[in-house]
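Peer 1: Here the numbering used here is used: the first residue of the sequence shown is -15, the next is one more, and so on. Backbone N, C-alpha and C fix where the C-beta goes; we use that ideal spot for every residue, glycine too.
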Amino acid sequence: MVFHLTASSIPIVIVFFIYGSIHLHHAFSLRRTTEEEVLLFINPSTFYNEVLASSLFFASGILWPFIYSLTSATPTGMEFLYMLSTILLLAISLLWWMQGIYNYFRCRKNTAEMEKRQEEERKICEYYCSEFELTIQVDLKRKALHLLPGFVIILIQVLSFIIQPSGFYEAMQIDRESFGIFGEVVVAYAFVFMLGYADLLRLKAFYQLPNWAKRWFFSSITREEVKSFISSCPLVLTLTPFLFAPFPIFISVAFVSSLSDAAANLVGRKYGKHKFPKGSKKSIEGYIAGVTSSFLLVVMFFSVLPPELFNYKAIPPIGVISIASMASFIFFMIDLFSSGVSDNILNPLLTGAGMVVVYLLFN
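(1) Over what stretch of residues does the alpha helix (DSSP H) that includes Pro300 continue unbroken?
(2) Let me know the alpha helix (DSSP H) ranges lying completely inside the stretch 135 to 185, each 4 residues or longer, listed in chain order.
(3) Measuring CA to CA, which of Ile108, Ser69, Arg16, Leu79 is closest to Gly164?
(4) Could I get the ranges of all uninterrupted alpha helix (DSSP H) runs contained in the stretch 191 to 259, with 4 residues as the minimum, in chain order?
(5) Measure how close the beta-carbons of Met178 and Trp80 come, nearest whole angstrom, since I'm counting them as under 8 Å.
(6) Closest to Phe135 by CA distance: which of Ile305, Lys297, Phe234 is it?
(7) Who are the near neighbours of Phe42 in its chain, counting only those whose CB is closer than 6 Å to its CB and skipping five residues on each side?
(8) How many angstroms separate the CA atom of Cys113 from the CA atom of Val325?
(9) Check whether the stretch 216 to 228 touches the stretch 24 to 41, counting contact only when three or more Cβ pairs, one atom from each stretch, lie closer than 8 Å.
(10) If you draw a straight line from the C-alpha of Gly274 to the C-alpha of Val240, how long is it?
(11) Use the C-beta contact count for Lys188: other C-beta atoms within 10 angstroms, 16 or more gives buried, fewer gives exposed.
(12) Is it right to say Met82 is buried, meaning 16 or more other beta carbons lie within 10 angstroms of its own, or is it exposed?
(13) Please list, in chain order, all residues of the same chain as Ile318 whose beta carbon is under 7 Å from its beta carbon, the five residues on each side excluded.
(14) Excluding five sequence neighbours on each side, which residues of the same chain lie with their C-beta closer than 8 Å to the C-beta of Leu14?
Shown next, in the form of structure tokens:
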């Protein structure tokens, strides 16, 4: 792989490491805390989930200089993509950072506004402590949000094919694949930096939190996330390693970790009659929905995404069936045995790794 660490790629590496360090610091703060208000909302696995989340930020920063290495973009083309993505990501991030800074000075000058926001934070904690219930409507909204990465990937890939005949790629010394990766990482990382910053304000400086972030967070977070970072950013970052995998695996990871998880959860909650293991909230019906959808998604993507268009080596039908079976098996094992550790992190990482291993066996 080509390593491309230049002045235009370094800023985003630094941003990733800053976010990773913040997550890691928060993880150890939670582990050491003796505050009753915080202890009400965390459990022993919270620390490990926060450490895993920080690791994903560090890993994404490490992988950033390699992100276009498997494409046909020239060094000049790569430099153009890094420069443009850095400008876009920093400019978009600056817009969000300025909102927090504006609220900081606003509340410092207006004590009534500061007291209002502090009271709002107190009431939210009380609500999640005593009244909150994860209804199927709230859960459905959470699962729907998790589908966004997959649909964004599809839209960007469609756009990359629309642009292809224009001559733009040749002029910029890039190819369709590198443009697709550019679009995917800019949208994904802009979302991660935006939500990561807002999440930091929610936990450390609530009075600076913009109103749009309040609506986002408090319509979809769970009780366990009140004093920890939410799972949306780690879920997106788990896709980063699979940018280097064949595209059908990349898109399969995005949908297995969201659509299959949603199918298992919602079918289990609504139609689950046979609990397994006994005493568990999970059901055989939910497992069947998750496993079946995982298998069908992988088979579908390998079937409809031809190797000649998406630049990967073709494998025989038995290979596709084996990859789909591996994804389904790992999904089932995680659903059955993961306790406490976030399946939003485990599902994409482990199912994706399993699919890559089987794919390599058939090449």
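Peer 2: With the given structure in hand:
(1) Looking up residue 300 in the sequence shown gives position 316. Counting along the chain, Pro300 falls outside any alpha helix (DSSP H), and DSSP gives it neither H nor E.
(2) 152 to 156
(3) If you number the sequence shown from 1, residue 164 lands on position 180. The shortest C-alpha separation from Gly164 is found at Ser69.
(4) 195 to 201, 216 to 221, 231 to 239, 245 to 255
(5) Numbered from 1 along the sequence shown, position 194 holds the residue referred to as residue 178. Numbered from 1 along the sequence shown, position 96 holds the residue referred to as residue 80. That belief holds up - the Cβ atoms of Met178 and Trp80 are roughly 5 Å apart, short of 8 Å.
(6) What you label residue 135 is simply residue 151 of the sequence shown in a count that begins at 1. For the residues Ile305, Lys297, Phe234, the minimum Cα distance to Phe135 belongs to Phe234.
(7) As a working note, residue 42 is residue 58 in the sequence shown. These residues qualify, in order along the chain: Gly4.
(8) Residue numbering aside, residue 113 sits at position 129 when the sequence shown is read from its first letter. Residue numbering aside, residue 325 sits at position 341 when the sequence shown is read from its first letter. Near 21 Å, if we compare the C-alpha coordinates of Val325 and Cys113.
(9) Yes: at least three Cβ pairs fall under 8 Å.
(10) In the sequence shown, counting from the first residue as 1, residue 274 sits at position 290. In the sequence shown, counting from the first residue as 1, residue 240 sits at position 256. About 8 Å.
(11) Here residue 188 refers to the residue found at position 204 when the sequence shown is read from its first residue. Exposed.
(12) Your numbering for residue 82 matches position 98 in the sequence shown. Under this definition Met82 is an exposed residue.
(13) As a first step, residue 318 must be located in the sequence shown, where it is residue number 334. Cβ within range, chain order: Asp327, Leu330, Asn331, Leu334.
(14) If you number the sequence shown from 1, residue 14 lands on position 30. Correct list, in chain order: Val22, Ile26, Thr30, Phe31, Glu34, Lys211, Ser212.
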